[in-house]
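Presented below is the structure to which this report refers.
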Amino acid sequence: MYFYYGVMGSSKTATALMKKFNFEEHGRKVILLKPYIDVRSGKTIVKSRIGLACEAIVIDKDASIIDSLRQDKIYDFDTIIVDEAQFFNKHQIDELRQLTNEGIMVMCYGLKTDYMCNLFEGSKRLLEVADSIRELQSPCQCGRKAIINARYKDGEIIYKGEQIEIGGNDKYKPMCYQCWVKGKNKA
Ligand SMILES: [Zn+2]
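Residue numbers for the sequence shown follow our numbering, so the first one is 13 and each next one is one higher.
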């Protein structure tokens with residue numbers, strides 16, 4: 013089980029879709045999963061900023077992944093790629109972990125932390141149970157490595173609100189810790 017994490021704008025979705033393409037070229041049977049919560053690109057299409065797109069199976073909030081696949085009669089796969097894996101709950105990540113015992117390769121892509129630098133439930137579980145964890149890096153505008161997805165409203169960084177709020181380039185900016193704290197002291 014692999015977990016590739018990175019801030020917004022670190023090409024996670026593009027990397028996931030390229031990986032799917034490469035695996036399929038080598039004869040692997042790949043399914044792409046995503047949690048229901050991310051409705052940004054329509055219910056069943058996963059789309060990257062550079063224009064790659066692919067149909068995905070959407071797993072409902074808190075639904076069993078294994079039961080959902082059975083219900084849809086999806087049995088013929090040996091590889092699962094997950095986009096936005098941070099939004100799965102602990103049980104759903106454990107189900108993916110369980111599938112690796114049956115010979116399924118699972119590769120999860122997602123954010124590590126939210127806009128307040130706290131772990132998401134899915135990411136926390138992935139950090140605990142994945143065999144291999146890698147970071148997809150992205151720079152802050154100052155040049156340091158970005159580790160926080162700063163949330164913006166009306167051009168200002170905000171430090172209060174719900175953990176999950178779907179949004180794109182206008183709402184979130186990858187940022188290093190120093191720049192994020194500087195904004196916090198001003199706020
Ligand atoms: Zn910075």
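Here a beta-carbon is modelled for each residue, glycine too, at the ideal position from N, C-alpha and C.
Per DSSP, cross-strand counterpart(s) of residue i
{"i": "CYS144", "result": "According to the sequence displayed, residue 144 carries Ser and not Cys. Answer by DSSP bridge pairing, in chain order: TYR14."}
{"i": "CYS120", "result": "PHE15, VAL94"}
{"i": "VAL42", "result": "THR91"}
{"i": "GLU67", "result": "ILE57"}
{"i": "SER131", "result": "In the sequence as presented, Ser is not what sits at residue 131; that position holds Leu. According to DSSP, which records beta bridges pairwise, LEU131 is partnered with THR125."}
{"i": "ARG204", "result": "Within the shown structure, residues of the chain are numbered from 13 to 199, placing residue 204 beyond reach of any answer."}
{"i": "ALA75", "result": "Its beta-bridge partners do not exist; DSSP assigns none."}
Residue i, buried or exposed, once every other Cβ within 10 Å from all chains shown has been counted against 16
{"i": "TYR171", "result": "exposed"}
{"i": "ILE86", "result": "exposed"}
Rounded straight-line distance, which links the Cα of residue j to that of residue i
{"i": "LYS196", "j": "ASP126", "result": "15 Å"}
{"i": "VAL42", "j": "ASP88", "result": "9 Å"}
{"i": "LYS165", "j": "GLN153", "result": "18 Å"}
{"i": "ARG163", "j": "GLY21", "result": "13 Å"}
{"i": "TYR16", "j": "LEU139", "result": "10 Å"}
Beta-carbon spacing of residue i, residue j below 8 Å
{"i": "PHE132", "j": "GLN98", "result": "yes"}
{"i": "LYS217", "j": "VAL70", "result": "Here the chain comprises residues numbered 13 to 199, so residue 217 is not present and cannot be evaluated."}
{"i": "ILE57", "j": "ALA26", "result": "no"}
{"i": "LEU108", "j": "MET13", "result": "yes"}
Quick one: any contact between the region 119-126 and the region 79-96, if contact means 3 or more CB pairs under 8 Å? yes
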